[in-house]
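Engineer: Got a structure for you, written out below as structure tokens; questions coming shortly.
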Amino acid sequence: MVGIVIVSHSQKVAEGIRDMALQMARPGQLIIAAGGMDDGSIGTDVVKVSEAITAAHTGDGVVVMVDLGSAVMSTDTALELLDEEIREKVKIADAPILEGAISAVVEASLGSALEFVLATAEGARNFKKC
Amino acid sequence: MSGSTFEALAAIGQTIIRNRQFLTDLDAAIGDGDHGINMARGFEAVAVKLQSLGADKDIGTVMKTVGMTLVSSVGGASGPLYGTAFLRAASPSLGKYELDKETAALMLAAAITGIKERGKAIRGEKTMLDALEPAYDAFIEGSVAEKSLIECLELACEAAKQGVEFTKTIIATKGRASYLGERSIGHQDPGATSSYIMLQTLLEFARARE
């Protein structure tokens with residue numbers, strides 16, 4: 001199953017999104033929160049992100065959901081620290097972090113391939129709310 | 001330049017930490033106001049890591065250690081950007097113990113390429129590249145004219161300083177400052193400033209060791 005990683009500047013945001021997404025997940029599905037710095041302050045931690053990706057990867061790949069600005073840069077840097085074989089199977093979704101995460105988790109729970117999970121996550125950009 | 005990379009990086013770290021408030025104030029004007037705090041936090045972590053690394057390591061190993069420490073301790077954009085810069089600068093300097101002109105130029109070029117890739121930025125967007133690219137060009141000009149390493153660094157620092165001044169005249173299109181649009185004009189870029197401060201500290205360190 002494709003793993004999902006939530007990268008936010010805030011630990012609380014990342015964990016909150018993970019908790020919401022877990023409601024839609026299958027038992028044991030891997031959704032890893034990588035939010036904030038080690039001391040709980042606001043920021044994105046490259047090492048924390050790379051560890052989360054490794055933890056979420058079971059062979060089928062990982063989709064990473066990101067919040068603002070440097071979350072993308074930190075994830076790109078984290079990928080550079082990982083082995084080539086993992087790196088090839090990690091995709092950063094260009095999507096709203098919460099809606100995208102929930103969409104991705106549902107798609108992944110169906111056993112879909114990495115490309116499908118990524119496309120579904122990015123499809124969350126078009127959600128109409130009212 | 002003879003002398004230890006270890007001490008040069010320690011000096012750079014101390015200067016950044018001394019400029020914590022200055023860099024934060026610059027960032028508060030046009031960004032999220034954390035550049036000085038983040039950079040100081042990063043270089044405080046670097047100081048601790050360098051102590052445990054020991055002073056006898058080659059330049060590349062020191063650069064790699066600094067880069068890894070910055071990416072894991074700096075939460076803002078400057079973490080992945082400067083972290084990548086130092087990590088990339090490690091490749092041409094692995095196994096080297098003395099900084100020569102050729103190595104310095106390769107390190108600077110690798111660092112700039114890393115920052116451009118990571119930030120998807122080019123010169124003229126009010127970023128650290130507006131200090132670093134002119135610095136590199138000036139360094140190479142000096143090197144072609146067969147000037148000494150210190151003279152090349154002097155040229156690079158002067159160009160970086162002018163680059164920082166130039167950032168006052170342009171609109172930010174990258175990062176948080178881009179939300180301000182034209183209101184970012186008149187303010188110098190914090191990242192370009194910290195890049196200049198690092199180069200200037202390296203120059204002063206080299207002069208003192210001469």
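Here the protein sequences line up with chains Y and H, keeping their order. For the first sequence, position 19 (counting from the first letter as 1) is numbered 19 according to the numbering used here, and the numbering increases by one without interruption. For the second sequence, position 171 (counting from the first letter as 1) is numbered 171 according to the numbering used here, and the numbering increases by one without interruption. Think of the CB as a built atom: it goes at the ideal place given N, C-alpha and C, for glycine as much as any other residue.
#1: Could you check what DSSP says for Y:K91 in three-state terms: helix, strand or coil?
#2: Can you check which of these residues, H:P80, H:K49, H:M39 and H:G119, is closest to Y:T44 by C-alpha distance?
#3: With a Cβ-Cβ cutoff of 8 Å, do Y:D94 and Y:E122 count as a contact?
#4: Between which two residues does the alpha helix (DSSP H) carrying H:G31 extend?
#5: Is the shortest distance between the beta-carbon of Y:D19 and the beta-carbons of chain H less than 8 Å?
#6: Would you kindly check if the distance between the Cβ of Y:V90 and the Cβ of Y:I4 is under 8 Å?
#7: Tell me, to the nearest whole angstrom, how far the beta carbon of H:S73 is from that of H:R41; I am working on the premise that it is less than 8 Å.
#8: By DSSP's criteria, Y:G3 is part of a beta bridge. Which residues make up the other side?
#9: Quick check: is the beta carbon of H:R118 nearer than 8 Å to any beta carbon in chain Y?
#10: Measuring CB to CB, does Y:T77 end up less than 8 Å from H:T84?
#11: In three-state terms, what does DSSP make of H:A121?
#12: According to DSSP, simplified to helix, strand and coil, what is Y:G8?
#13: In chain order, what residues of the same chain have a beta carbon less than 8 Å from the beta carbon of H:I150, not counting five sequence neighbours either side?
#14: Would you identify the three-state DSSP class for H:T127, choosing helix, strand or coil?
#15: Rank Y:N126, Y:P96, Y:E99 and Y:I92 by C-alpha distance to the C-alpha of Y:E115 and give the top, closest one.
#16: Per DSSP, what kind of secondary structure is H:T173 in: helix, strand or coil?
#17: Which residues mark the beginning and the end of the beta strand (DSSP E) in which Y:A33 is found?
#18: Checking contacts by CB at 8 Å: is H:L9 closer than that to chain Y?
#19: List, in order along the chain, the chain H residues whose C-beta lies closer than 8 Å to that of Y:T54?
#20: Taking only beta carbons into account, state which residues of the segment 38-68 of chain Y come closer than 7 Å to chain H, listed in chain order.
#21: Can you list, in chain order, the residues of its chain with a C-beta nearer than 8 Å to that of H:I185? Leave out the 5 residues immediately preceding and following it.
#22: If you follow the alpha helix (DSSP H) that Y:Q23 is part of, which residue opens it and which one closes it?
#23: Candidates H:R88, H:C152 and H:T61: which alpha carbon is nearest H:K101's?
#24: Checking 8 Å against the spacing of the C-beta atoms, do H:F43 and H:M63 come in under that value?
#25: Tell me, to the nearest whole angstrom, how far the beta carbon of Y:H9 is from that of Y:I31; I am working on the premise that it is less than 8 Å.
#26: Skipping 5 residues on each side, what residues in its chain have a beta carbon closer than 7 Å to that of H:V66?
#27: Starting from H:G67, follow the alpha helix (DSSP H) in both directions and report where the run begins and ends.
Structural biologist: Concretely, from the data shown:
#1: strand
#2: H:P80
#3: yes
#4: No alpha helix (DSSP H) holds H:G31; DSSP gives it neither H nor E.
#5: Judged by the 8 Å Cβ criterion, Y:D19 is not in contact with chain H.
#6: no
#7: 6 Å
#8: In the DSSP output, where bridge partners are listed per residue, Y:G3 has Y:V62.
#9: yes
#10: yes
#11: coil
#12: Going by the sequence as given, residue 8 of chain Y is Ser instead of Gly. DSSP places Y:S8 in strand when its eight states are reduced to three.
#13: M1, L203, A206, R207 and E210
#14: Coil.
#15: It is Y:I92.
#16: coil
#17: For Y:A33, the enclosing beta strand (DSSP E) has its first and last residue at I31 to G35.
#18: The beta carbon of H:L9 sits no closer than 8 Å to any beta carbon of chain Y.
#19: Near Y:T54 there are no residues of chain H at all, since even the closest Cβ is about 15 Å away, more than 8 Å.
#20: S41, I42, G43, T44, D45, V46 and V47
#21: Closer than 8 Å at Cβ, skipping near neighbours: K168, T169, I170 and I171.
#22: That residue, Y:Q23, is in no alpha helix (DSSP H); it is neither H nor E in DSSP.
#23: H:C152
#24: no
#25: Rounded, the Cβ-Cβ distance is 18 Å, inconsistent with contact.
#26: L9, V46 and F86
#27: Per DSSP, H:G67 belongs to the alpha helix (DSSP H) from I59 to S73.
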